[in-house]
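Numbering (full-length UniProt numbering), first residue to last: 1 to 403. Each residue gets a CB set at the ideal place from its N, CA and C atoms; glycine is no exception. Given the structure is predicted, the values throughout are model-derived calculations rather than measurements.
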């Protein structure tokens, strides 16, 4: 039995690390597809910079529409993944190719949405597949523990899953809820090691990580807290309202091809204002935060509102994906605008605006804080966490402030 358990742990460790590495590979693949569509092919075809958006977005909008019509509304959002798992008790990992294809297509086409939706769908599928494998291994434990070493390896690694493997919930394989949470946490950490290990060997410039810019501390920085929270709440409120109105106005149209083409036209028009409207912005948030304080306030405000509109309206038109990173990018623009009108600690001002806005949008203070700590100056971590928690507390105490 001891050897069987040891082989099971090795199996789980191996695939947890593979899940982490695969997630990193997927994020890198997005960049490869973007470079192919927006740099290599235009150079090969001698397409000038000003016509790139037209040459890429419009033809691929038709492909996106056909994908939405014949394959389905992919990629799924994080909320849809959680809802499906809660209602059905499992997540169908056999759809991985639909999520992968739609995710790469939409993100590569320049959509102002993030990779977190498609990445979450792929990760959820891999996790549920591994959970099914674990249940199968546990179900065969009594027989497998008496087999030879090579028979145990064959049973653990090569036994095929059945379609009924999802019927018995994974929770029944643990003695207590506490044991289950520890199990989940431990293997999540192992997968995280694989994820960050991958980016250690294949680093990406300006990707998520800890940032230590020089900060000139001033006690007057406390004076920016209230204005930053007010402006952050206003923009977060507006971002969510745009999202709801987009779904209400165009999201229910039963014309996926026409909708997708309209989404492509919208993206082309927005790109004429600024190339920063394109893509999610996760790889440009950090350099943009450094340069935004030198940009005109009017431009920053327009950029923030146009990107918020294109992200949410584009999503409703079938250019699906995550909205977290576009929301952060837009919030940085608003935060930089406010920072230019205040005298003290502009980086802190912008950071607090972003923390408030993202908490209003996500309604998840801890997740908001963790994501922002990996994008904003690490010196502000405690302030970001406090603002996220405080904003969430205020929204709960005064529900009318919720969008």
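Residue environment analysis places residue 169 among the exposed positions, since fewer than 16 neighbouring C-beta atoms fall within 10 angstroms of its C-beta. Within 10 angstroms of the beta-carbon of residue 259 lie 16 or more other beta-carbons, which makes it buried. Ranked by how close their Cα comes to the Cα of residue 243, the residues 290, 321, 291 and 272 have 321 in first place.
Its Cα nearest to that of residue 359, the residue 328 stands out among 82, 328, 298 and 34.
Secondary structure note for residue 227: its alpha helix (DSSP H) is the uninterrupted segment 225-246.
At the C-beta level, residue 112 and residue 326 come within 7 Å of one another. Here the C-alpha atom of residue 257 lies approximately 15 Å from the C-alpha atom of residue 313.
When DSSP reads this structure, residue 125 sits in no beta bridge, so it has no partner.
Residue 322 is bridged by DSSP to 114. Each residue's CA atom was taken as its position, placing residue 186 and residue 363 some 26 Å apart. In the DSSP assignment, residue 298 falls within the unbroken alpha helix (DSSP H) covering 297-316. Here the alpha carbons of residue 319 and residue 249 stand approximately 15 Å from one another. Proximity of the segment 132-148 to the segment 105-123 falls short of the contact definition, fewer than three beta-carbon pairs being nearer than 8 Å.
Between residue 133 and the set 118, 115, 202 and 155, the nearest pair of CA atoms involves 155.
The segment 259-276 and the segment 59-77 touch, with three or more beta-carbon pairs separated by less than 8 Å. Distance between residue 332 and residue 285, taken at the CA atoms: about 8 Å. Contact between residue 300 and residue 336 holds: their C-beta atoms lie close to 6 Å from each other, under 8 Å. Between residue 160 and residue 171, the gap from beta carbon to beta carbon reaches 7 Å or more. In the structure shown, residue 377 falls within a strand segment according to DSSP collapsed to helix, strand and coil.
The Cβ-Cβ distance between residue 125 and residue 96 falls below 7 Å. In the structure shown, the three-state DSSP call for residue 179 is helix. In terms of Cβ geometry, residue 353 and residue 232 form a close pair [threshold 7 Å].
Contact check for residue 24 against residue 75 fails: the beta carbons are separated by 7 Å or more. Assignment of residue 97 by DSSP, reduced to helix, strand and coil, places it in the helix class. With respect to the 7 Å criterion, residue 270 and residue 310 are classified as neighbours on the basis of their beta carbons. The Cβ atoms of residue 77 and residue 119 lie no closer than 7 Å to each other. Beyond the five residues adjoining it in sequence on each side, residue 52 comes within less than 7 Å, by CB distance, of 38 and 42 in the same chain, given in chain order.
Bounds of the alpha helix (DSSP H) holding residue 361 are 346-362. Taking C-alpha positions only, residue 69 is separated from residue 86 by approximately 26 Å. Going by DSSP, residue 157 is part of the alpha helix (DSSP H) stretching over 149-158. Residue burial annotation: residue 339 is buried, with at least 16 other C-beta atoms found within 10 angstroms of its C-beta.
The residue among 342, 316, 351 and 99 with its C-alpha nearest the C-alpha of residue 330 is 351. Contact between residue 30 and residue 104 is confirmed by a C-beta separation of about 7 Å, below the 8 Å threshold. The DSSP-derived three-state label of residue 259 is helix. Comparing alpha-carbon positions, the option among 396, 84, 402 and 384 lying closest to residue 348 turns out to be 384. Residue environment analysis places residue 127 among the buried positions, since at least 16 neighbouring C-beta atoms fall within 10 angstroms of its C-beta.
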